[in-house]
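Q: Everything in the sequence shown is counted per my numbering, starting at 1 for the first residue and increasing by one.
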Amino acid sequence: MCLAGEHLQDENDGIDLQRLTDAFPKEKDEWEHGALMPLWVTLRDFAARGLPADGRPAAVKDLWDFVAQDLERRGLGNSIEWLKRTFSSQKGILLLDGLDEVPEADKHREQIKQVVEGFVEAYQDCRIVVTSRTYAYQNQDWRLRQDLAHETVIAPFSQKQIAYFVDHWYEYRRQQQSMAASDADAKARQLKQAIARSDRLQKLAERPLLLTLMAALHAWRGGELPKKRIKLYEQTTELLLERWERRKRLPDTAEDQLSSVTEEFGIDTDQLLEIFYQLAFEAHKNQPELRETADIEEDRLFLVLHKQSGKKYLDIDRLIGFLSDRAGLLVARGNEIYTFPHRTFQEYLAACHLVRHKNFPKNIAGLARQDPDRWREVVLLAGAKTDNDGLFWRLVDLLCCREVTVNGLMPEDTWGALFAGQILEESGNLEQSQLDEPDRQTVDRVRTWLVEILTARKPSEETPLPPLERSRAGNLLAVLGDPRPGVGTTEAGLPDIEWCSVPAGTFWMGSDRERDSQAFSDETPRHSVTLDAYDISRYPVTNGQFRLFVLDGGYTEDYKQCWTKKGWDWKRARKIEGPAIFGDAFDSDNHPVVGVSWYEAVAFCQWASRKFQELGEAGVRLPTEAEWEYAARGADGRIYPWGDEIDPELANYSGTELGCTSAVGCFPKGISAFGCEEMAGNVWEWCWDWYAVYTINAQSNPTGRPSGAYRVGRGGCWGFSAGDCRSAYRFRWLRPGDRLDDLGFRVVRT
Numbered sequence: 001m002c003l004a005g006e007h008l009q010d011e012n013d014g015i016d017l018q019r020l021t022d023a024f025p026k027e028k029d030e031w032e033h034g035a036l037m038p039l040w041v042t043l044r045d046f047a048a049r050g051l052p053a054d055g056r057p058a059a060v061k062d063l064w065d066f067v068a069q070d071l072e073r074r075g076l077g078n079s080i081e082w083l084k085r086t087f088s089s090q091k092g093i094l095l096l097d098g099l100d101e102v103p104e105a106d107k108h109r110e111q112i113k114q115v116v117e118g119f120v121e122a123y124q125d126c127r128i129v130v131t132s133r134t135y136a137y138q139n140q141d142w143r144l145r146q147d148l149a150h151e152t153v154i155a156p157f158s159q160k161q162i163a164y165f166v167d168h169w170y171e172y173r174r175q176q177q178s179m180a181a182s183d184a185d186a187k188a189r190q191l192k193q194a195i196a197r198s199d200r201l202q203k204l205a206e207r208p209l210l211l212t213l214m215a216a217l218h219a220w221r222g223g224e225l226p227k228k229r230i231k232l233y234e235q236t237t238e239l240l241l242e243r244w245e246r247r248k249r250l251p252d253t254a255e256d257q258l259s260s261v262t263e264e265f266g267i268d269t270d271q272l273l274e275i276f277y278q279l280a281f282e283a284h285k286n287q288p289e290l291r292e293t294a295d296i297e298e299d300r301l302f303l304v305l306h307k308q309s310g311k312k313y314l315d316i317d318r319l320i321g322f323l324s325d326r327a328g329l330l331v332a333r334g335n336e337i338y339t340f341p342h343r344t345f346q347e348y349l350a351a352c353h354l355v356r357h358k359n360f361p362k363n364i365a366g367l368a369r370q371d372p373d374r375w376r377e378v379v380l381l382a383g384a385k386t387d388n389d390g391l392f393w394r395l396v397d398l399l400c401c402r403e404v405t406v407n408g409l410m411p412e413d414t415w416g417a418l419f420a421g422q423i424l425e426e427s428g429n430l431e432q433s434q435l436d437e438p439d440r441q442t443v444d445r446v447r448t449w450l451v452e453i454l455t456a457r458k459p460s461e462e463t464p465l466p467p468l469e470r471s472r473a474g475n476l477l478a479v480l481g482d483p484r485p486g487v488g489t490t491e492a493g494l495p496d497i498e499w500c501s502v503p504a505g506t507f508w509m510g511s512d513r514e515r516d517s518q519a520f521s522d523e524t525p526r527h528s529v530t531l532d533a534y535d536i537s538r539y540p541v542t543n544g545q546f547r548l549f550v551l552d553g554g555y556t557e558d559y560k561q562c563w564t565k566k567g568w569d570w571k572r573a574r575k576i577e578g579p580a581i582f583g584d585a586f587d588s589d590n591h592p593v594v595g596v597s598w599y600e601a602v603a604f605c606q607w608a609s610r611k612f613q614e615l616g617e618a619g620v621r622l623p624t625e626a627e628w629e630y631a632a633r634g635a636d637g638r639i640y641p642w643g644d645e646i647d648p649e650l651a652n653y654s655g656t657e658l659g660c661t662s663a664v665g666c667f668p669k670g671i672s673a674f675g676c677e678e679m680a681g682n683v684w685e686w687c688w689d690w691y692a693v694y695t696i697n698a699q700s701n702p703t704g705r706p707s708g709a710y711r712v713g714r715g716g717c718w719g720f721s722a723g724d725c726r727s728a729y730r731f732r733w734l735r736p737g738d739r740l741d742d743l744g745f746r747v748v749r750t
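#1: If I follow the unbroken alpha helix (DSSP H) through Leu450, where does it start and stop?
#2: Taking 8 Å as the cut-off, decide whether the C-beta atoms of Ile364 and Thr414 are in contact.
#3: Should Asn388 go down as buried or exposed, given a rule of 16 or more other Cβ atoms within 10 Å for buried?
#4: Report the option in Ala651, Ile93, Lys358 whose CA atom is closest to the CA atom of Val130.
#5: Which same chain residues end up closer than 7 Å to Asp741 when comparing Cβ atoms and leaving out the 5 residues on each side of it in sequence?
#6: Tell me which residue opens and which closes the alpha helix (DSSP H) that Leu409 is part of.
#7: To which residues of the same chain is Ala58 closer than 7 Å at the C-beta, ignoring the five residues directly before and after it?
#8: Put Ala332 into one of helix, strand or coil per three-state DSSP.
#9: Assess, as a yes-or-no matter, whether the region 659-671 is touched by the region 727-739 under the definition of 3 or more beta carbon pairs within less than 8 Å.
#10: When the Cβ atoms of the region 147-161 are set against those of the region 192-210, are three or more pairs found closer than 8 Å?
#11: On the three-state DSSP scale, how would you describe Phe745?
#12: Does DSSP put Pro25 in a helix, a strand or coil?
#13: For Met214, which residues in the same chain have their Cβ closer than 8 Å to its Cβ, ignoring the five residues on either side in sequence?
#14: Check for me: the beta strand (DSSP E) holding Ile497 runs from which residue to which?
#15: Can the beta-carbon of Ala122 be found less than 8 Å from the beta-carbon of Val60?
#16: Within the present structure, is the beta-carbon of Trp598 separated from the nearest heavy atom of the ligand FMN by less than 7 Å?
#17: Taking 8 Å as the limit between beta carbons, can you name the residues of its chain near Leu548, skipping five residues before and five after?
#18: Would you kindly work out how many angstroms separate the C-alpha atoms of Pro25 and Gln161, rounded to a whole number?
#19: Opposite Met37 in the DSSP bridges: which residues?
#20: To which residues of the same chain is Arg739 closer than 6 Å at the C-beta, ignoring the five residues directly before and after it?
#21: Under 8 Å by Cβ, that's how I've got His284 and Val378 pegged, so tell me the actual separation to the nearest angstrom.
#22: Sorted by chain position, which residues of the same chain lie with C-beta nearer than 7 Å to Gly670's C-beta, five sequence neighbours on each side aside?
#23: Could you work out which residue in Val153, Arg189, Thr152 is closest to His168 when comparing CA atoms only?
#24: Give the secondary structure of Val529 by DSSP, where H, G and I count as helix, E and B as strand, and everything else as coil.
#25: How long is the line joining the alpha carbons of Ala420 and Val404, rounded to whole angstroms?
#26: Are the C-beta of Arg143 and some C-beta of chain C separated by less than 8 Å?
#27: Would Leu418 and Glu469 qualify as a contact pair, given that the criterion is a beta-carbon distance under 8 Å?
#28: Comparing alpha-carbon positions, which option in Leu477, Glu425, Pro467, Ala728 lies nearest Trp449?
#29: Could you tell me whether the region 611-620 touches the region 562-579, using the rule of 3 or more Cβ pairs below 8 Å?
#30: Grab the span of the beta strand (DSSP E) containing Cys687 for me, first residue to last.
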């Protein structure tokens, strides 16, 4: 971009490439090198045809001779001297691509280093860029001299870059296939939306190769991606195999073509898949590190291919060239090593290997329970891959094979239950009426285990799973049906509120800076507050509970009287018919409701009060600031609901790194003195009061000033820091109409 921009500006002032680079991160420094002539050399080709064959040291002359031969072949032989002069006058940039793809044989890599270092000495003011895969470069002894090379890692695609790529990929396809512009735009929009909705797809799309495959699959399917990820991997694998099966024309000849993999090695598609299933399983099983993809040694790959082909002889050089030149199910990593294009393909192919064996449920369940980090994705994909109901339920049963006991939670049982829940979720086959009794019992057992994982709160008990996994367990409960009191709804179709009793008492409200160094000025002065007894909900109001209000017509004229006048006018002016939507990560029934304004929270309380009072029960309302703070910290003045220190095991805040709300009850060790949960982190909670500065005077049952500009939120949230989760912290800049992805509420009754 920089080179093209400089040349265009030289020839035509006013040309702006800003629109081409908007999607890319802004550089800290402007391009300072002017218009440079790029010289691009593929190092694998240079090693094959340009380096000395006798092993003698290589020099810059060898590179220029290779370039001259290539120019001559293209009818540009007279350009070589001009190109050398351009580099001598400091107006060139040498692009050496694929250092890791140079074979180790015949000391080629050492020779490449000699050429690079010689070029630096000869053309000290020219720019040189050498590319290599990160993994290969960091693990070889042929790294370039540190005084000659500045190392930079290319970042993965951002969301904006992914969108940019998709738009331009479909624009190119439109031009190639004479598509209507409206069709290309629509398909690009559909693909971007599909990627944005899925965390898994976003991670894949960060890599250009996989994003290209995703776009090709999307177009191949007529503008959609499979809804189930197992189908996504199946069909992408088919697409990759098809690239190997397709004959490919060489770039510089009219007739010659590269043969297909079947023609080259005598191996058909089914045989190839069998080979890759076996290779993936072996590599995954034996991989020392659990990040990225495993290495497959060239000798092992060659041996398996040779055995399967039935040929007495295979040309190893042609094999290497074939695999390197065509991006398929294997990619060359360098140093006679191959790997899969992404760990997800390795896991998928390993799962395919397992499900082809009759006793696969027992085998994979044992692996996953004993080594969950290694086998998690494999067991989930194996469960999704099997089309035999009997084997499917056998796998679920073996993963979650024991009843919950009083002896505590064993790690293999908790992981097994979590994996069983994930397999059930991915299957989507949970309609109770379609399950027989043994399968219903299995689902009930999984559900019981997931509840136990969330609610294990004994101080002496080791937390069975880390916060991220407990969050996943909570999400699975939302799918299987969360049976916990206080989370869902009653048989009467009302919010099932579990109450915590707060006795009448006096406490110090606000902060003392001598005790709490993080205290803000609006938390002072600390002052005495006396409150009558009240009940407060154990959890914030959940999505499932708030949905009852929406479905009952809470936003319609039928319940206009539940709204304040300003709230009703605000709702009508904005045509609001329900909470703001922030995506799947926030929408589970057992997550706290977010995207609701103070007006909507008050209207819900009025609606719920009507319903409860019809049954002879007390009504509900938002807590005052004083009621909220007393329920959170008790009478002893603790900084957080549980004490004076915080860590990610106790609350969902920025340090927990979940990046969204979590099911209520995922942090049982963060319980307050009165039994309340989630009073630090997860979501900010609306209070009744208008914001006002504190006074030193003692107060009794304060409700705040009669009017103001801002309401107050308490408790911190998933995206804010630990200090914001302190019980005395006041989020005071909330207008009554604010609807945020980290703001909810809980209720009290008196």
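Note that CB positions come from ideal geometry on N, CA and C, so glycine has one too.
A: Reading it off the structure:
#1: First-last of the alpha helix (DSSP H) with Leu450: 437-455.
#2: no
#3: exposed
#4: Ile93
#5: The beta carbon of Asp741 sits closer than 7 Å to those of Phe582, Phe586, Val594, Gly595, all from its chain and outside the five residues before and after it, given in chain order.
#6: Looking at the DSSP string, Leu409 is not in any alpha helix (DSSP H), and its letter there is neither H nor E.
#7: Leu51, Pro52, Gln111, Gln114, Val115
#8: strand
#9: Judged by Cβ distances under 8 Å, the region 727-739 makes no contact with the region 659-671, as fewer than three pairs qualify.
#10: yes
#11: coil
#12: Annotation note: pLDDT 49 at Pro25 (below 50); position unreliable, no value reported.
#13: Leu191, Ile195, Leu201, Leu204, Ala205, Leu225, Thr236
#14: Here Ile497 belongs to no beta strand (DSSP E), and DSSP marks it neither H nor E.
#15: yes
#16: As presented, the structure is devoid of all ligands, the ligand FMN included, so that no description of it is given.
#17: Thr489, Gly493, Leu494, Pro495
#18: Low confidence applies here, because Pro25 scores a pLDDT of 49, under 50, leaving its location unreliable; read the following figure in that light. When rounded, the distance between both Cα atoms is 9 Å.
#19: Gly92
#20: Within the same chain, and ignoring the five residues on either side of Arg739 in sequence, the residues whose Cβ sits closer than 6 Å to its Cβ are Ala580, Gly595, Ser597.
#21: Between His284 and Val378 the beta-carbon gap is near 7 Å, inside 8 Å, which marks them as a contact.
#22: Pro641, Trp642, Leu650, Ala651, Glu677, Ala680
#23: Arg189
#24: strand
#25: Rounded to whole angstroms, Ala420 to Val404 spans 15 Å at the Cα level.
#26: The structure shown contains no chain C; it holds only a single protein chain.
#27: yes
#28: Nearest option by C-alpha distance: Leu477.
#29: no
#30: 684-690
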